[in-house]
Amino acid sequence: MLRSGTALSPRGEPGTAPPKRSISRRRRGALANVVFMTLAGGLVATMAIPAYAFAPSSKETNFGATAATELTRSGAQTVEVAEQAATVSVARDGFTATTPEELAAAAAAKAAEARRIEVAAQMSSYAASYSGPSVAEYLANPSHPSFDLASVYGVASQYQGVPYVYGGATPAGFDCSGFVMYVYAQFGISLPHSSVGQGAAGTRIALADAQPGDLVIMDGHDGFYAGNGNILHAPYEGTAVRVQPLWTSSYYIVRLGI
50 MLRSGTALSP
60 RGEPGTAPPK
70 RSISRRRRGA
80 LANVVFMTLA
90 GGLVATMAIP
100 AYAFAPSSKE
110 TNFGATAATE
120 LTRSGAQTVE
130 VAEQAATVSV
140 ARDGFTATTP
150 EELAAAAAAK
160 AAEARRIEVA
170 AQMSSYAASY
180 SGPSVAEYLA
190 NPSHPSFDLA
200 SVYGVASQYQ
210 GVPYVYGGAT
220 PAGFDCSGFV
230 MYVYAQFGIS
240 LPHSSVGQGA
250 AGTRIALADA
260 QPGDLVIMDG
270 HDGFYAGNGN
280 ILHAPYEGTA
290 VRVQPLWTSS
300 YYIVRLGI
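So the sequence shown is residues 50 to 307, counted in our numbering.
Dropping the structure here:
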């Protein structure tokens, strides 16, 4: 006979029944395994959702890329600028630089001023060495009241050898128009100290009609016609009044007194 509380062994033989505490532990372990498997399955399903949600099949026509997505794929960018940005002015800072042109202009101005001082000193020196009549005095009291071209050329020829002086209008030194002005003043004819002004004071004539004493007018220069294609003039600095052949065809003849 089996006693109460006696269990059979796997072979059907009576044995001792397992304790109740061991049975309880086994049940809790089995329950934990079920819970774990349930949670693991849910986690896997959750992780798979984004892949399915954002990877539609080509057969689904209701799903399409947005305009922003297309711009992102194409690399396009949009930049918004505030309206007031169009009215913003750019101010130059306080730094300034001298340009090559400004440097050249400054150098030219400095050279011109030095030249002006040099000429003024030179003219002062020549003026101090001359004590004869001036242009104004000759105009007030001409030494040759009878005017003719031959006499004009004769007076002009007397000044050969007078040095060229820029701005000069006396026998101490002549420039080109100062020479012409001084000679014609002795005949009572007033002329400006300018080759352009002297050319405008007379009448143009043909070269074939030119006589010694007429004026040869060039661009920025003039003198007396000396006949045979020559000119009597005060050439340039470093030279003196002289006769020489005309070196250019760019001139015209002017006669005064007609």
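Yeah, the Cβ is synthetic: ideal placement off N, Cα and C, and Gly gets one too.
Given the structure is predicted, the values throughout are model-derived calculations rather than measurements.
- [ ] Could you have a look at residue 261 and say whether DSSP puts it in helix, strand or coil?
- [x] Strand, per DSSP.
Open item on the list: Measuring only the C-alpha atoms, how far is residue 158 from residue 236?
Closed with: 39 angstroms
Task: Spatial neighbours of residue 285 in its chain, beta-carbon cut-off 8 angstroms, leaving aside the 5 residues before and after - done: 213
TODO: Following the continuous alpha helix (DSSP H) through residue 273, name the residue where it begins and the one where it ends.
DONE: From DSSP, residue 273 is part of no alpha helix (DSSP H) but of the beta strand (DSSP E) over 270-276.
Open item on the list: Does residue 285 come out as helix, strand or coil in the three-state DSSP assignment?
Closed with: coil
- [ ] Return helix, strand or coil for residue 187, following the three-state DSSP convention.
- [x] helix
TODO: Output yes or no for whether 8 angstroms exceeds the beta carbon distance between residue 287 and residue 280.
DONE: no
- [ ] Might you give, ordered along the chain, the residues of its own chain that have their beta carbon closer than 6 angstroms to the beta carbon of residue 198, omitting 5 neighbours on each side?
- [x] 260 and 262
- [ ] Let me know the secondary structure DSSP gives residue 247 once reduced to three states.
- [x] helix
Task: Contact set for residue 184: own chain, Cβ-Cβ below 7 angstroms, skip 5 residues either direction - done: 218, 230, 231 and 234
TODO: Would you list the residues sitting across from residue 301 in a DSSP beta bridge?
DONE: Paired residue(s): 266.
Open item on the list: Within the continuous alpha helix (DSSP H) that includes residue 292, where are the two ends?
Closed with: Not the alpha helix (DSSP H): residue 292 falls in the beta strand (DSSP E), residues 291-294.
- [ ] Take the Cβ of residue 205 as the centre, count every other Cβ of all protein chains shown within 10 Å, and call the residue buried at 16 or more, exposed below.
- [x] buried
Task: For residue 306 and residue 196, believed in contact at Cβ under 8 angstroms, the rounded distance - done: Contact flag correct, Cβ pair sits at about 6 angstroms.
Task: Between the CA atoms of residue 240 and residue 278 - distance to the nearest angstrom - done: C-alpha separation (whole angstroms): 24 angstroms.
Open item on the list: In the DSSP output, which residue or residues are listed as bridge partners for residue 213?
Closed with: DSSP lists 223 as the bridge partner or partners of residue 213.
Task: Rounded C-alpha distance that separates residue 189 from residue 181 - done: Spanning the two alpha carbons is a distance of roughly 14 angstroms.
TODO: List the endpoints of the continuous alpha helix (DSSP H) containing residue 179.
DONE: No alpha helix (DSSP H) contains residue 179, which DSSP labels as neither H nor E.
Open item on the list: Using the three-state DSSP reduction, which class does residue 166 fall into: helix, strand or coil?
Closed with: helix
Task: Outcome for residue 210 when other beta-carbon atoms lying within 10 angstroms are tallied against a minimum of 16 - done: exposed
- [ ] Could you tell me if residue 222 is buried or exposed, where buried requires 16 or more neighbouring beta carbons within 10 angstroms of its beta carbon?
- [x] buried
Task: Inter-residue CB distance, residue 303 and residue 266 (contact presumed, cutoff 8 angstroms) - done: 5 angstroms
- [ ] Work out the CA separation of residue 156 and residue 147 for me, nearest whole Å.
- [x] 13 angstroms
Open item on the list: Quick check: what's the CA-CA separation for residue 164 versus residue 154?
Closed with: Roughly 15 angstroms between the two C-alpha positions.
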